[in-house]
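K.L.:
Below are the structure tokens for one structure; questions will follow.
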Amino acid sequence: MNQICDKGASDLGSALTNCINLSNLTLHLSMNQICDKGASSLGSALANCINLSKFNT
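This is the structure:
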């Protein structure tokens, strides 16, 4: 358990948007404290990763 919360998920998303060549990503997000707001922020950020072709959770 990493105890990632909404702010952590949002911060992770912000960092990932800087990875312009990111094409494959695996995130293990179970057993954290991410609620709707954090999931939405992370999802919105990932939508901007235009080269992302494979995303595993």
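So the sequence shown is numbered by my numbering: it starts at 54 and just counts up by one. Where is the CB? At the ideal position from N, CA and C, for every residue including glycine.
1) In chain order, what residues of the same chain lie with their CB nearer than 8 Å to the CB of S106, ignoring the 5 residues before and after it?
2) Quick check: S94 and G66, are their CB atoms within less than 7 Å of each other?
3) With L78 as the anchor, note down where its beta strand (DSSP E) starts and where it stops.
4) Looking at the secondary structure, which residues open and close the beta strand (DSSP E) in which N109 lies?
5) Quick one: measure Cβ to Cβ for C102 and T79, integer angstroms, because I've assumed they're closer than 8 Å.
P.N.:
With the structure as the only source:
1) As a working mapping, residue 106 is identified with position 53 in the sequence shown. Taking S106 as the centre and dropping the five residues before and after it, the same chain places the C-beta of S76, N77 closer than 8 Å to its C-beta, in chain order.
2) Position 41 of the sequence shown, counting from 1, holds the residue named residue 94. Position 13 of the sequence shown, counting from 1, holds the residue named residue 66. Yes, they are a contact pair.
3) Residue 78 sits at position 25 when you count from the first residue of the sequence shown. 77-79 is the span of the beta strand (DSSP E), which, as asked, contains L78.
4) Start at 1 with the first residue of the sequence shown, and residue 109 comes out as number 56. Its beta strand (DSSP E) spans residues 107-109.
5) Counted from its first residue, the sequence shown places residue 102 at position 49. Counted from its first residue, the sequence shown places residue 79 at position 26. C102 to T79, Cβ: 14 Å. No contact.
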